[in-house]
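Every position in the sequence shown, counted from 1, becomes a number in our numbering once 2 is added. We treat Cβ as the ideally placed atom computed from N, Cα and C, and that holds for glycine.
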Amino acid sequence: MHELAITEGIIKIVEKESQKYNFNKVNAIKLVVGELSGVFPQLIQDYFDIASKGTIAEGAELIIRRVEAKMRCNECGSEAKVENHRLRCRNCGSLNVKITSGKEFYVDSLEVD
Numbered sequence: 003m004h005e006l007a008i009t010e011g012i013i014k015i016v017e018k019e020s021q022k023y024n025f026n027k028v029n030a031i032k033l034v035v036g037e038l039s040g041v042f043p044q045l046i047q048d049y050f051d052i053a054s055k056g057t058i059a060e061g062a063e064l065i066i067r068r069v070e071a072k073m074r075c076n077e078c079g080s081e082a083k084v085e086n087h088r089l090r091c092r093n094c095g096s097l098n099v100k101i102t103s104g105k106e107f108y109v110d111s112l113e114v115d
């Protein structure tokens, strides 16, 4: 259910930017969502359609770019995609890995009039 609060936060960002840059219409909101962010894009879309009613964001298209989860082994330096949330190096078997992408969640840009 935290997607509702996240969606409301996105709308607040859009409203702040509209005051800062003096625009009246938002055509699209581009989001970046990592696989490990804990955010479900479909729920964001569903809540956005409801929460944006009567706001400057109403009718805007949500464009969501998913970022796949990747990791790097701190032992052998191997890089790989995280699969099934398994954080073990496929090359050497080490658990000493660092997630290098996939935790992102942010508003990347707005298309406005």
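Checklist entry - For residue 81, which residues does DSSP report across the bridge? => result 74
Checklist entry - Just the Cα atoms here: how many angstroms apart are residue 73 and residue 111? => result 26 Å
Item to check | Which residues DSSP lists as bridging residue 36, in chain order | outcome: 69
Item to check | Close beta carbons around residue 66, own chain, < 6 Å, minus the five adjacent residues each side | outcome: Once the five neighbours on either side are set aside, the close Cβ partners of residue 66 are 33, 35, 43.
Checklist entry - Less than 8 Å separating the beta-carbons of residue 98 and residue 77? => result Cβ atoms of residue 98 and residue 77: closer than 8 Å.
Checklist entry - Is the beta carbon of residue 119 sitting closer than 8 Å to the one on residue 15? => result In the structure displayed, the chain extends from 3 to 115; residue 119 sits before or after that span and is not available.
Checklist entry - DSSP on residue 51, reduced to helix/strand/coil? => result helix
Item to check | Straight-line Cα distance separating residue 88 from residue 102 | outcome: 14 Å
Item to check | Strand pairing of residue 18, partner residues [DSSP] | outcome: Paired residue(s): none; residue 18 is not in a bridge.
Next on the checklist: Here's the rule I'm using: 16 or more other beta-carbon atoms within 10 Å means buried, otherwise exposed. How should residue 71 be labelled?
Outcome noted: buried
Checklist entry - Quick one, which of 52, 104, 8, 64 has its alpha-carbon nearest residue 29's? => result Nearest to residue 29 by alpha-carbon distance, out of 52, 104, 8, 64, is 64.
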